[in-house]
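S.K.:
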DNA sequence: GCCGTGACGATTC
DNA sequence: CGAATCGCCACGG
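In UniProt numbering, the protein residues as written are 1 to 105.
(1) Could you check if residue 49 belongs to the surroundings of the ligand PLP, using beta carbon to heavy atom distance under 8 angstroms?
(2) Which residues in the same chain have their Cβ closer than 8 angstroms to the Cβ of residue 27, if we skip the five residues on either side of it in sequence?
(3) With which residues is residue 73 paired in a DSSP beta bridge?
(4) Compare the beta carbon distance of residue 80 and residue 67 with 9 angstroms and say whether it is the shorter of the two.
(5) Note the first and the last residue of the continuous alpha helix (DSSP H) segment covering residue 80.
(6) Spatial neighbours of residue 84 within its chain, please: C-beta separation below 8 angstroms, excluding the five flanking residues on both sides.
(7) To the nearest angstrom, how far is it from the Cα of residue 10 to the Cα of residue 19?
(8) Note down the Cα distance separating residue 53 from residue 93, rounded to an integer number of angstroms.
(9) Under 9 angstroms, do residue 102 and residue 24 count as touching if we go by C-beta distance?
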């Protein structure tokens, strides 16, 4: 029994562990948490994530390495800018280089 | 206990 | 290749 009863807090906990310059995927987090099919719930946790926390939700991308809708982070290109600022490289298609930055706990 | 929702994933057409 | 659909799970009301 831990303070993190809900998946939400678990997701946040894992996402918060993502090292700078790395990224993870919703499905990967869900899988690590023990619910490989709860990728959607993970994304929901990000969306419901408390603003003001140190949760680097911008380091979490989908399985394709694509960032979620640009406007989702409050502005177009915001997430990408943050990742680039952390040293994350992008594919020509605008996707994160999973081979170099995919990180899983 | 059912319904609606959702920043996904994979498959199919 | 592009778009659309279904399926999955978890939380809130």
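Note that the Cβ used here is the ideal one computed from N, Cα and C, for glycine as well.
M.R.: Considering the structure as presented:
(1) Inclusion of the ligand PLP in the displayed structure is not the case, the ligand content being empty and no account of it being possible.
(2) Correct list, in chain order: 36, 39, 42, 62 and 63.
(3) Partner(s): none; residue 73 has no beta bridge.
(4) Yes. Within cutoff.
(5) Following the DSSP letters along the chain, one finds residue 80 inside the alpha helix (DSSP H) bounded by residues 78-85.
(6) Closer than 8 angstroms at the Cβ level, and outside the excluded window around residue 84, lie 90.
(7) Rounded to whole angstroms, residue 10 to residue 19 spans 16 angstroms at the Cα level.
(8) About 30 angstroms.
(9) For residue 102 and residue 24, yes; Cβs fall inside 9 angstroms.
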